[in-house]
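Taking it in order: structure first as structure tokens, then the write-up.
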Amino acid sequence: MKRARLTLGPLLFHWSAAKRRDFYLRIADEAPVDTVYVGEVVCAKREPMVASVQQEIIARLRAADKEVVLSTLALVTTLREVERIRELVNGDLLLEANDVACIQLLEGKAHVVGPYINAFNEGARDVLVRKGAIRIVLPIEMNKTGLQVVAGTAGDTELEYQVFGRQALSVAMRCYHARAHRLTKDHCQIICGIDPDGLAADTIDGIALFTINGTQTLTHGNAVLLSELAMLREFGVTHFRLSPQDLDMVAVATHYRAVLDGEQAADEVTAALRTLTGTTPWINGFLHGQPGRQWV
Amino acid sequence: MSIRYLELVCPAGTPSALRTAVEAGADTVYCGFRDCTNARNYPGLNFDFDELCAGVTYAHARDCKVLVAINTFPRAGDESPWHRAVDHAAAAGVDAVILADLGVLDYATRCHPNLRRHLSVQASAANAPSIQFYRDHFDVRRVVLPRVLSVEAVAELIAETGIETEVFAFGSVGPMSEGRCYLSSYLTGLSPTSEGACAPASHVAYEEIDGRVLSRLGGVTLNCFARGEPAAYPTPCKGRYVTHGQASYLFEEPVGLNAIEILPQLKGAGVTALKIEGRQRSRAYVAEVVTTFRRALDALERCDEGTPTGQLHGNTEGGKETCGAYQKGWR
Numbered sequence: 091m092k093r094a095r096l097t098l099g100p101l102l103f104h105w106s107a108a109k110r111r112d113f114y115l116r117i118a119d120e121a122p123v124d125t126v127y128v129g130e131v132v133c134a135k136r137e138p139m140v141a142s143v144q145q146e147i148i149a150r151l152r153a154a155d156k157e158v159v160l161s162t163l164a165l166v167t168t169l170r171e172v173e174r175i176r177e178l179v180n181g182d183l184l185l186e187a188n189d190v191a192c193i194q195l196l197e198g199k200a201h202v203v204g205p206y207i208n209a210f211n212e213g214a215r216d217v218l219v220r221k222g223a224i225r226i227v228l229p230i231e232m233n234k235t236g237l238q239v240v241a242g243t244a245g246d247t248e249l250e251y252q253v254f255g256r257q258a259l260s261v262a263m264r265c266y267h268a269r270a271h272r273l274t275k276d277h278c279q280i281i282c283g284i285d286p287d288g289l290a291a292d293t294i295d296g297i298a299l300f301t302i303n304g305t306q307t308l309t310h311g312n313a314v315l316l317s318e319l320a321m322l323r324e325f326g327v328t329h330f331r332l333s334p335q336d337l338d339m340v341a342v343a344t345h346y347r348a349v350l351d352g353e354q355a356a357d358e359v360t361a362a363l364r365t366l367t368g369t370t371p372w373i374n375g376f377l378h379g380q381p382g383r384q385w386v
Numbered sequence: 023m024s025i026r027y028l029e030l031v032c033p034a035g036t037p038s039a040l041r042t043a044v045e046a047g048a049d050t051v052y053c054g055f056r057d058c059t060n061a062r063n064y065p066g067l068n069f070d071f072d073e074l075c076a077g078v079t080y081a082h083a084r085d086c087k088v089l090v091a092i093n094t095f096p097r098a099g100d101e102s103p104w105h106r107a108v109d110h111a112a113a114a115g116v117d118a119v120i121l122a123d124l125g126v127l128d129y130a131t132r133c134h135p136n137l138r139r140h141l142s143v144q145a146s147a148a149n150a151p152s153i154q155f156y157r158d159h160f161d162v163r164r165v166v167l168p169r170v171l172s173v174e175a176v177a178e179l180i181a182e183t184g185i186e187t188e189v190f191a192f193g194s195v196g197p198m199s200e201g202r203c204y205l206s207s208y209l210t211g212l213s214p215t216s217e218g219a220c221a222p223a224s225h226v227a228y229e230e231i232d233g234r235v236l237s238r239l240g241g242v243t244l245n246c247f248a249r250g251e252p253a254a255y256p257t258p259c260k261g262r263y264v265t266h267g268q269a270s271y272l273f274e275e276p277v278g279l280n281a282i283e284i285l286p287q288l289k290g291a292g293v294t295a296l297k298i299e300g301r302q303r304s305r306a307y308v309a310e311v312v313t314t315f316r317r318a319l320d321a322l323e324r325c326d327e328g329t330p331t332g333q334l335h336g337n338t339e340g341g342k343e344t345c346g347a348y349q350k351g352w353r
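In structure tokens, the structure reads:
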């Protein structure tokens with residue numbers, strides 16, 4: 091069996107340029123991850139605000155021998171957004187396509203298909219591979235039965251699945267962060283930037299349920315698929331994604347790396363991981379075919 | 023681009039609703055098979071093969087077209103129900119199939135090249151390159167546009183791609199990008215994308231506590247109402263949630279979409295067809311909504327002043343209506 095690759099997914103939250111720079115430079119120096127996805131997935135309005143540090147981040151990650159993949163928007167609707175993807179397609183970085191528009195613009199050039207493009211079955215996977223996908227990040231809603239089939243018959247295509255971090259439940263045209271502050275998307279003041287781990291949205295009877303991140307809705311719970319890593323490897327998953335949260339991601343990566351390499355058992359790192367994730371509950375329901383918010 | 027006539031595409035949740043829609047003036051009806059292959063997989067709805075054949079015969083005899091929605095995403099390892107649905111739609115002589123999944127599109131293109139293919143809203147194609155992708159690779163002839171676009175954006179897309187479009191004219195307002203929303207499965211474990219049921223009734227409960235009615239989905243409270251107040255159905259994107267200590271309809275209010283006032287603008291944008299939602303609704307709903315839109319479209323064709331817009335408020339979700347994303351400022 092090939093060595094399991096550990097990846098750091100794109101930062102979904104809107105952190106300041108300085109906070110991003112500090113985060114990624116430490117990842118470059120210290121995190122035992124093979125691949126780092128950078129780039130804006132949620133909202134095109136954020137991108138110019140952090141552009142000043144992007145080249146340095148990419149250069150430092152590459153110098154540290156990380157594979158760098160540039161993630162693209164999950165919902166593309168304006169001409170300006172299409173043009174931006176066209177620019178990225180003509181660049182020299184491997185892209186993660188998160189909207190079918192990106193696949194069309196890539197014209198067969200090798201790329202990663204991100205988790206926002208529906209690849210729920212063998213038929214869809216095979217179409218994507220024919221169009222140039224070398225790696226497919228499977229949707230978070232995929233359960234283990236589906237993963238086993240799609241990963242088990244994928245041949246040379248690499249398969250990635252998120253194993254840590256809040257899971258993205260939806261993308262929208264509307265900005266809920268703006269709505270929560272009685273603003274509209276067009277005049278949002280980039281208000282999402284004040285919540286580096288997203289904004290809690292609870293039920294009216296006080297249960298923490300969702301995390302709002304601009305136009306994106308995430309789970310409240312933190313997905314932790316640690317005991318399941320061995321099973322996922324058996325299925326044929328090759329890449330294991332950690333989605334950045336505002337906590338010590340270097341430590342998270344170190345624990346996952348140790349379990350993936352068989353140096354530690356999952357239950358040996360559980361307590362340490364609990365300390366890192368604080369009071370946020372752990373969830374793993376989607377993989378087990380249960381309501382996504384559950385811990386099985 | 024100018025088109026002659028806006029096609030009225032109407033819901034047929036059951037064989038009797040199909041006849042009702044045809045009689046009320048539908049140009050086209052759309053329906054689905056009684057299984058997980060369509061996005062309205064609710065008990066008591068939909069068609070088996072024989073019912074579809076009879077429906078096609080009935081509709082075609084009255085110059086009405088029939089579309090079949092096969093618009094969920096197959097479960098891995100078991101794509102056969104979706105392939106069979108495409109085979110059966112072709113055998114029944116339908117006018118087009120409405121598809122979303124890349125694998126199902128590929129199957130239909132290879133096995134039934136002459137069966138007309140429309141792209142479902144579940145594929146969430148909201149920009150020109152996406153539409154071109156589905157057209158170039160699967161010869162998709164019509165795209166059902168996501169309801170997240172303004173009229174101006176719809177016009178731009180049509181001008182850029184030249185493709186036939188179908189837009190939602192009446193039904194619900196979906197704030198999330200469709201076909202990739204996991205809110206309902208997060209609460210229930212059942213997937214709208216592969217099982218075809220968002221907020222399935224089997225997981226809905228109402229409970230009265232201290233004079234208030236709580237509505238729940240999968241055991242999670244999504245809203246509460248005073249006794250006697252109409253309780254909206256607990257769809258996760260229409261629930262009330264608390265941010266900063268304040269409860270609000272964070273995603274969308276429980277309002278319905280009604281674009282009847284902006285039919286001239288939609289026609290001016292170059293739209294080909296208008297979709298009425300509601301395969302899960304009653305025959306009375308189908309009759310009233312289809313009749314009202316038929317009158318409005320006929321008046322539009324005659325260039326009558328003041329398109330009759332009727333009184334559809336009783337049929338919209340929550341009894342309130344909006345033009346949704348078609349208006350700028352919604353987002």
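Chains as they are written, first to last, in our numbering: chain L, 91 to 386; chain C, 23 to 353. Here a beta-carbon is modelled for each residue, glycine too, at the ideal position from N, C-alpha and C.
What number of angstroms, rounded off, separates the C-alpha of residue 349 of chain C from the C-alpha of residue 172 of chain C?
-> By one-based count along the second sequence, residue 349 of chain C stands at place 327. By one-based count along the second sequence, residue 172 of chain C stands at place 150. A direct Cα-Cα distance of roughly 6 Å separates residue 349 of chain C from residue 172 of chain C.
Identity of the residue in L/323, L/379, L/359 nearest residue 96 of chain L by Cα | Within the first sequence, residue 96 of chain L is the residue found at index 6, counting from 1. By alpha-carbon distance to residue 96 of chain L, the top candidate from L/323, L/379, L/359 is L/323.
Indicate whether residue 257 of chain C and residue 306 of chain C have their beta-carbon atoms separated by less than 8 Å.
-> On the second sequence, residue 257 of chain C is found 235 positions in, with the first residue counted as 1. On the second sequence, residue 306 of chain C is found 284 positions in, with the first residue counted as 1. For the 8 Å CB-CB criterion, residue 257 of chain C and residue 306 of chain C do not form a contact.
Limits of the unbroken beta strand (DSSP E) element including residue 33 of chain C | Within the second sequence, numbered from 1, the residue matching residue 33 of chain C stands at position 11. According to the DSSP assignment, residue 33 of chain C belongs to the beta strand (DSSP E) that extends over 29-33.
Residue 313 of chain L (DSSP reduced to helix, strand or coil) = The residue labelled residue 313 of chain L in the question sits at position 223 within the first sequence. Here residue 313 of chain L sits in strand by DSSP.
Is residue 261 of chain L near residue 305 of chain L, with beta carbons less than 8 Å apart?
-> Position 171 of the first sequence holds residue 261 of chain L. Position 215 of the first sequence holds residue 305 of chain L. Contact: yes.
Please compile the residues from chain L whose C-beta is within a distance smaller than 7 Å of the C-beta of residue 266 of chain C.
-> Reading the second sequence from its first residue, position 244 is the one you call residue 266 of chain C. Those are 270, listed as they occur along chain L.
Please report how far the alpha carbon of residue 244 of chain L lies from the alpha carbon of residue 237 of chain L, in whole angstroms.
-> Looking up residue 244 of chain L in the first sequence gives position 154. Looking up residue 237 of chain L in the first sequence gives position 147. Computed Cα separation, rounded: 10 Å.
Positions along the segment 120-135 of chain C whose CB lies within less than 9 Å of some CB in chain L = Correct list: 122, 123, 124, 125, 126, 127, 128, 129.
When you compare only the Cα positions, how much space is there between residue 153 of chain C and residue 281 of chain C?
-> Within the second sequence, residue 153 of chain C is the residue found at index 131, counting from 1. Within the second sequence, residue 281 of chain C is the residue found at index 259, counting from 1. Their Cα atoms are separated by approximately 23 Å.
Sheet register partners of residue 303 of chain L (DSSP bridge) = The residue you call residue 303 of chain L lines up with position 213 of the first sequence. Residue 303 of chain L is bridged by DSSP to L/306.
At a Cβ cut of 8 Å, what residues of the segment 200-225 of chain C count as close to chain L, listed as they run along the chain?
-> Listed by position, the residues of the segment 200-225 of chain C near chain L (Cβ gap below 8 Å) are 201, 202, 203, 204, 205, 207, 208, 209, 210, 211, 213, 215, 216.
Jot down the residue ranges of each uninterrupted beta strand (DSSP E) in the segment 128-156 of chain C, minimum 3 residues, whole runs only, in chain order.
-> Listed in chain order, they are 139-141.
Any beta-carbon of chain L closer than 8 Å to the one on residue 250 of chain C?
-> Taking the first residue of the second sequence as 1, we reach residue 250 of chain C at position 228. Interface criterion not met: the Cβ of residue 250 of chain C is under 8 Å from no Cβ in chain L.
The segment 83-102 of chain C: which residues have C-beta closer than 7 Å to a C-beta of chain L, in chain order?
-> Listed by position, the residues of the segment 83-102 of chain C near chain L (Cβ gap below 7 Å) are 95, 96, 97, 98, 99, 101.
Chain C within 8 Å of residue 99 of chain L, Cβ atoms only = Taking the first residue of the first sequence as position 1, residue 99 of chain L is located at position 9. False, the Cβ-Cβ gap to chain C never drops below 8 Å.
8 Å Cβ cutoff met for residue 243 of chain C and residue 295 of chain L | Locating residue 243 of chain C in the second sequence gives position 221, where the first residue counts as 1. Locating residue 295 of chain L in the first sequence gives position 205, where the first residue counts as 1. A distance below 8 Å separates the beta carbons of residue 243 of chain C and residue 295 of chain L.
What does a CB cutoff of less than 8 Å around residue 285 of chain C pick up in its chain, not counting 5 residues either side in sequence?
-> Along the second sequence, read from residue 1 onward, the residue named residue 285 of chain C stands at position 263. Here the set comprises 28, 191, 296, 318, 319, 322, 329.
Contact under 8 Å by Cβ, residue 34 of chain C with residue 40 of chain C = Your numbering for residue 34 of chain C matches position 12 in the second sequence. Your numbering for residue 40 of chain C matches position 18 in the second sequence. Yes, Cβ-Cβ distance for residue 34 of chain C and residue 40 of chain C is below 8 Å.
Quick one: does residue 263 of chain C have its CB under 8 Å from some CB of chain L?
-> Taking the first residue of the second sequence as position 1, residue 263 of chain C is located at position 241. Interface residue, yes.
Counting only the same chain and skipping the five closest in sequence on each side, list residues whose C-beta sits under 6 Å from that of residue 165 of chain C.
-> For the purposes of this step, residue 165 of chain C is taken as residue 143 along the second sequence, with counting starting at 1. Once the five neighbours on either side are set aside, the close Cβ partners of residue 165 of chain C are 141, 147, 153, 185, 187.
Does DSSP classify residue 321 of chain L as helix, strand or coil?
-> The residue labelled residue 321 of chain L in the question sits at position 231 within the first sequence. Assignment of residue 321 of chain L by DSSP, reduced to helix, strand and coil, places it in the helix class.
Taking DSSP as the reference, what is the three-state secondary structure of residue 110 of chain L?
-> The residue given as residue 110 of chain L occupies position 20 in the first sequence. Reduced to three states, the DSSP call for residue 110 of chain L is helix.
Is it buried or exposed for residue 266 of chain C, if we count other Cβ within 10 angstroms and need 16 for buried?
-> Reading the second sequence from its first residue, position 244 is the one you call residue 266 of chain C. Classification of residue 266 of chain C: exposed, given that the 10 Å Cβ count is below 16.
From the DSSP output, read off the bridge partner residues of residue 372 of chain L.
-> The residue you call residue 372 of chain L lines up with position 282 of the first sequence. The bridge partners DSSP lists for residue 372 of chain L are L/312.
Distance between residue 122 of chain L and residue 242 of chain L (C-alpha atoms, nearest Å) = Here the question's residue 242 of chain L lines up with position 152 in the first sequence. Here the question's residue 122 of chain L lines up with position 32 in the first sequence. In a straight line, the C-alpha of residue 242 of chain L is about 26 Å away from that of residue 122 of chain L.
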